[in-house]
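Heads up: the structure comes next, in structure tokens.
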Amino acid sequence: MKFFTPIYLLLTCLALPLFSIAQDAETQEKVTVSGYVKDGTSGETLIGAAVYVTELSNGTTSNEYGFYSLSIPPGTYKLEFSYLGFETQVQEIVLNKDEKLTIELREEAEQLVEVIVTSEAEDRNVTNTEMSTNKLQLNTIKKMPALLGEVDVIRSIQLLPGVTTVGEGATGFNVRGGSVDQNLVLLDEAPVFNSSHLFGFFSVFNPDAVKDVKLYKGGIPARYGGRLSSILDVRMKEGNNKKFTFSGGIGSIFSRISVEGPLVKDKSSFIVAARRSYIDILAKPFLNEDLQDTKLNFYDLTIKANYRLGEKDRIYLSGYLGRDNFGFGAGAGFNWGNATTTLRWNHLFSDRLFSNFTAYYSNYDYELNFGDQPDNSFDWNAQIVNYSLKTDFSYFVNPDNLVTFGGQAILYEFEPGNAVGVSEGETSDFSLPIKRALEASLFLENEQKINSRLSVHYGLRLSYFNYLGAGKAFEFKETEEGERKEFVSATEFGDWESIEDYINLEPRASVKYQFDPSTSFKLSYNRTVQYIHLISNTVAATPVDVWTPSTNNIKPQISDQIAVGVFKNLKDNMYVTSAEIYYKEMSHLVDYIDEADLFVNELLEADLLDADGRAFGLELQVEKKKGDLTGWISYTLARTERKVPGVNQGDWFPSRFDQTHNFSATAFYELNARWSFSANFVLNTGTPATFPTHRIEQQGYILPHISSGQRNNLRIPAYHRLDLSATLAGKKKEGKRWYGEWVFSIYNVYNRRNPFSIFFRQGNIRPTDGSPVQTEAVRLSVIGSLIPSVTYNFKF
Amino acid sequence: MKFQNIFFVLLFVSVLFPACQDVIDLDLEEGKSQFVIDAWINNKPEAQVIKLRYTSTYFNSTPSPKATGAEVVVTSSTGETYTFTDENNDGDYTWTPATGESFGGIGEDYLLSVVLEGKEYTAVSTMNRVMPIDTITYEDREEEQGDPAGIYAEFFATDFVGTGDSYWIKAFKNDQYLNKPSELNTAYDAGFTPGGNIDGLVFITPIRTGINRVPDSGDDAVDDSDQPPYKVGDKITVEIHSLTDEAFFFLEQALIQMTLGDQTIFASPVVNVPTNIISPSGEDNEAVGFFCVSAVSRKERMVE
Chain A
1 MKFFTPIYLL LTCLALPLFS IAQDAETQEK VTVSGYVKDG TSGETLIGAA VYVTELSNGT
61 TSNEYGFYSL SIPPGTYKLE FSYLGFETQV QEIVLNKDEK LTIELREEAE QLVEVIVTSE
121 AEDRNVTNTE MSTNKLQLNT IKKMPALLGE VDVIRSIQLL PGVTTVGEGA TGFNVRGGSV
181 DQNLVLLDEA PVFNSSHLFG FFSVFNPDAV KDVKLYKGGI PARYGGRLSS ILDVRMKEGN
241 NKKFTFSGGI GSIFSRISVE GPLVKDKSSF IVAARRSYID ILAKPFLNED LQDTKLNFYD
301 LTIKANYRLG EKDRIYLSGY LGRDNFGFGA GAGFNWGNAT TTLRWNHLFS DRLFSNFTAY
361 YSNYDYELNF GDQPDNSFDW NAQIVNYSLK TDFSYFVNPD NLVTFGGQAI LYEFEPGNAV
421 GVSEGETSDF SLPIKRALEA SLFLENEQKI NSRLSVHYGL RLSYFNYLGA GKAFEFKETE
481 EGERKEFVSA TEFGDWESIE DYINLEPRAS VKYQFDPSTS FKLSYNRTVQ YIHLISNTVA
541 ATPVDVWTPS TNNIKPQISD QIAVGVFKNL KDNMYVTSAE IYYKEMSHLV DYIDEADLFV
601 NELLEADLLD ADGRAFGLEL QVEKKKGDLT GWISYTLART ERKVPGVNQG DWFPSRFDQT
661 HNFSATAFYE LNARWSFSAN FVLNTGTPAT FPTHRIEQQG YILPHISSGQ RNNLRIPAYH
721 RLDLSATLAG KKKEGKRWYG EWVFSIYNVY NRRNPFSIFF RQGNIRPTDG SPVQTEAVRL
781 SVIGSLIPSV TYNFKF
Chain B
1001 MKFQNIFFVL LFVSVLFPAC QDVIDLDLEE GKSQFVIDAW INNKPEAQVI KLRYTSTYFN
1061 STPSPKATGA EVVVTSSTGE TYTFTDENND GDYTWTPATG ESFGGIGEDY LLSVVLEGKE
1121 YTAVSTMNRV MPIDTITYED REEEQGDPAG IYAEFFATDF VGTGDSYWIK AFKNDQYLNK
1181 PSELNTAYDA GFTPGGNIDG LVFITPIRTG INRVPDSGDD AVDDSDQPPY KVGDKITVEI
1241 HSLTDEAFFF LEQALIQMTL GDQTIFASPV VNVPTNIISP SGEDNEAVGF FCVSAVSRKE
1301 RMVE
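Here is the structure:
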């Protein structure tokens, strides 16, 4: 009950400005101009395009569906539409009644004579309330040097300040000291549980099908929730609604092909994009006969279609299917993948009330099997499935207020492991029971311009989680801090019976104060709550790690973050700079006892520890946006620590993803119309690891031993790497549809063996009786040489 | 854990990125040396040895410092006492059964007492039941998936009905124990782990075939030429040592800790293996090591 008082209080606070807005709307007569901002070439809607009313010195931006709405007093206005990389367009409009105005912007490359240089969009980083947010244009991502020439969304964001990885091949990414499961990766609003192919080498997003990528590290709007550290919002293209285009690429790992075009001209369009790796096909002639059955491939398929039902309604259907397959002869196989389906309906209740309804399904599963005879085999699979219904409304009150509200319900089904072993024809099934949970949330937020200097964005999210039966609720007793808890009892619950529930309020707020047109100061606070947890205590998360809901023993993770920043643009927005400081406190993080057994363990919860975390840092970024030479430099000075009862005497110690210094530089250089070059350089402090101090001899074996028992007592050496790439664009000829480009890239140019980890072992020679056993430290480098590659991309 | 190991090793070795490994020099943290008890005794009719040592720094490959001058006594729940003595003053404390006799009895509990420099360290264990080995078979195999051609063996034994039995399967080739960490073979009931609930069956295949020598893996592998696969004329010996739950868990953890490198980027962190030695001061890490009493079944077969 104690929750409800603050809820009322906060709702009242939120509602007050809304009432004043409503009054304001009534006292002054207003008309609305609304519509969509689109790419003139493909008809693709543009997200975050600026719409600026010159006479009022005020404006708005298009939302995730390209929709904008402005309610202003009647009059004659010049509306300026701008979007990065596109020519700014000015439209004069006489407004005395509600009007529809859909604008198609032309790409800058096709610039004509009458160019307007001033562009509202270019200084968005200074003028809007958003902070701790990075938006990467796909064009930028495509220009970066990529491992084996494969354009990669996840690897690109690792070059941004505050984003790190534990190493090459490690899945996912870490944001401001958070673990990989604390990032909500959304593909057209459906969560993707494993964002990687081939462990962490390639991400699951096909660059040909992605329109827009946005990463929220802090100042997270109330409409997003469910994860602690970040939101990676990936939006798929809708498909060209004017003409059919084909694009694709032939690379060293994948081949890609995508088709997009109108289904019904200007009403409906689609895109289908597919990729498949062909290491297995290429490797086949070189494999021994007994390895001929080796299966090694990964593929993904992205499909999206939309249909406009009229002026007010539009339907989108998108789907993703990706799979990694590995097999070793007939004897062993392993595969995993994600599948998502999203159905969305945009409806305009009025020119000022935009709504979206989403239903999605998302699934991540893996399967292991071995044994090629029916009477000696082992089969194993696990999955996490979720179904969700979601709605959000955008109410464009006036140019100074944009109210967004909505809600979501998610039903989770966790299958932690279905396993059947057959030994000499006798079967034994040791599957773990299914777990179910419901997550529901409501949110309300307002983006408000108080005056020309001050803007605020505030909101509240109410989240609720219910761990449901059928299942057993275990009770444990702590015997000693940091040790396995003792089993006390188990209570059986029936189907859909509530086992445990949690309710949380998540306030979010950001403030912007503008000193002058090119300088602003921002402040944000957010609380985020996470109800599902990835159980993993290895250096890099594995594809077989299991997700688990919050239960009576596992509490929801909670994080509070404060960030302040200064944003300054120089030389007419040629240089975009930012400096941010953040401080984050986290509670109920999942940690593990020393000998945790996380695999097929019904009593898993006895091996988990409830940890506190904190992270703080300084992030600096300078970006050059114009000219032949563009790019950015980012530097992060950070610390992320954990405090776990019974571990390291209960003191704070650096977490596995702590990197004191993290520096990266990315540069793009356009030599001429055909040649362009790019380079990346990264340098960061090695991550902490636990190294032994002593050896124990038992029955002739040598065991590592840490005399102090401390975790993360040392660090692996620093990581640095340089990548280069050159692109040769085909000649553009009038009337020629075929466009091709060659991309040459070198990853790890100066051939450094960056350590992923250091491990300790007995020497590789069989110990002989009586003589002492040699031990050694071994550096494991995932990529131990430079990797060149050539890719050919085409479009027609 | 073992399933994961097998898969990821296979995967990583075969995947396009052959992870490279280099032996490097490293300075480790300093720390205090601790007392180590290495007490794994059994009912084989032979001398039983309890080794008392100290930990040495991790890279120190000289023999571990010996703890001499201790009093070592094992007492059974039936009141029998066994005194282990260090005749050679080398830290190896020995008790030798009379001809035709052996240590202890199945189902009995044992208390180990070690008095060193006036402090008493204790530990308890139980000699659990062990089943006989039914057969050892072998077959001639072609080269397959990295294993060279040769003779490969398999043994058959059936787990007792009722969960909670655990075993250490030791294989000897021509009386030489296959002692590489990757060859360490343990079973819980008929499967790998307690969670598996594979009870009362014949051991599952990977355990049955876990009596063959394991070749080195990794890109710096040297062919393990001193121990090729079995060949005609070799003697295969298999022993099953019964374990307590704690001892099984100890070996499981020891195996993980010794083979972390095989798990490439998915390695678990380095942690201390558990101990069942109770130190007098009550401090956890005063003494480390393990005490376990096993019953042993044994079978031999010549390759013909």
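In order, the protein sequence lines correspond to chains A and B.
Numbers 1 to 796, taken from my numbering, label the letters of the first sequence in order.
Numbers 1001 to 1304, taken from my numbering, label the letters of the second sequence in order.
Cβ coordinates follow ideal geometry from the N, Cα and C atoms, glycine included.
For secondary structure counted as the alpha helix (DSSP H) over 4 or more consecutive residues, the stretch 1226 to 1255 of chain B holds no complete run.
If the five residues before and after G1100 (chain B) are omitted, its C-beta is found closer than 8 Å to the C-beta atoms of P1045, all from its own chain and listed in chain order.
Rounded to the nearest whole angstrom, the CA to CA distance from T302 (chain A) to K97 (chain A) is 42 Å.
Membership of I1207 (chain B) in the alpha helix (DSSP H) is indicated by the continuous run T1205 to R1208. Pairing Y1110 (chain B) with W1095 (chain B) gives a Cβ-Cβ distance that is not under 8 Å. Taking 8 Å as the CB threshold, F1103 (chain B) stays off the interface with chain A. In the three-state reduction of the DSSP assignment, Q659 (chain A) falls in the coil class.
Its Cα nearest to that of S423 (chain A), the residue B:L1201 stands out among B:M1302, B:S1297, B:V1270 and B:L1201. Our two residues, Q530 (chain A) and F465 (chain A), have alpha carbons roughly 10 Å apart in a direct line.
Residue-level contact check: E697 (chain A) touches chain B, since one or more beta carbons of chain B fall below 8 Å from its beta carbon. The stretch 126 to 135 of chain A and the stretch 655 to 669 of chain A do not touch, with fewer than 3 CB-CB distances between them shorter than 8 Å. Along the stretch 1028 to 1057 of chain B, the positions whose C-beta sits under 8 Å from a C-beta of chain A are L1028, E1029, E1030, G1031, K1032, S1033, Q1034, V1036, D1038, W1040, K1051, R1053, T1055, S1056 and T1057, read in chain order.
Residues of chain B with a Cβ closer than 8 Å to the Cβ of P692 (chain A) are, in chain order, L1028, Y1058 and V1270. Inclusion of T340 (chain A) and L187 (chain A) in the CB contact set at 8 Å is warranted, their separation being smaller than that value. By the neighbour-count definition (other C-beta atoms within 10 Å, threshold 16), T76 (chain A) is an exposed residue. Restricting attention to A:Y320, A:I558 and A:F744, the CA atom closest to the CA of I503 (chain A) is found in A:I558. With a cutoff of 8 Å on beta-carbon distance, L598 (chain A) and L589 (chain A) are scored as not near each other. For W496 (chain A), DSSP assigns no beta-bridge partner whatsoever. Per DSSP, I157 (chain A) lies in no beta strand (DSSP E); the unbroken alpha helix (DSSP H) holding it starts and ends at V153 to I157. Per DSSP, the continuous alpha helix (DSSP H) segment holding R124 (chain A) begins and ends at R124 to T127. In the three-state scheme derived from DSSP, where H, G and I count as helix and E and B as strand, Q182 (chain A) is classed as helix. Each residue's CA atom was taken as its position, placing L1243 (chain B) and E413 (chain A) some 38 Å apart. Rounded to whole angstroms, the separation of the alpha carbons of F244 (chain A) and F794 (chain A) is 14 Å.
Its Cα nearest to that of G337 (chain A), the residue A:N363 stands out among A:L343, A:S355 and A:N363. Residues of the stretch 410 to 427 of chain A with a C-beta less than 7 Å from any C-beta of chain B: G421, S423, E424 and E426, listed in chain order. Taking a Cβ-Cβ cut-off of 8 Å, M1131 (chain B) has no neighbours in chain A, whose nearest Cβ is about 15 Å from it. Linking E480 (chain A) to G646 (chain A) through their CA atoms gives a straight-line distance of about 8 Å.
Annotated three-state conformation of N648 (chain A) is helix, per DSSP. Less than 8 Å separates the beta-carbon of V1271 (chain B) from that of D594 (chain A). For S1294 (chain B), the closest Cβ of chain A is not nearer than 8 Å. The C-beta of K38 (chain A) has 16 or more other C-beta atoms within 10 Å across all chains shown, which makes the residue buried. 8 Å or more divides the Cβ of A606 (chain A) from the Cβ of G200 (chain A). A straight-line Cα-Cα distance of about 48 Å links S230 (chain A) and R1213 (chain B).
When rounded, the separation of the alpha-carbon atoms in E55 (chain A) and S34 (chain A) is 17 Å.
Taking the Cα positions, K237 (chain A) is about 51 Å away from P1215 (chain B).
For L70 (chain A), the pairing in a beta bridge is given by DSSP as A:V33.
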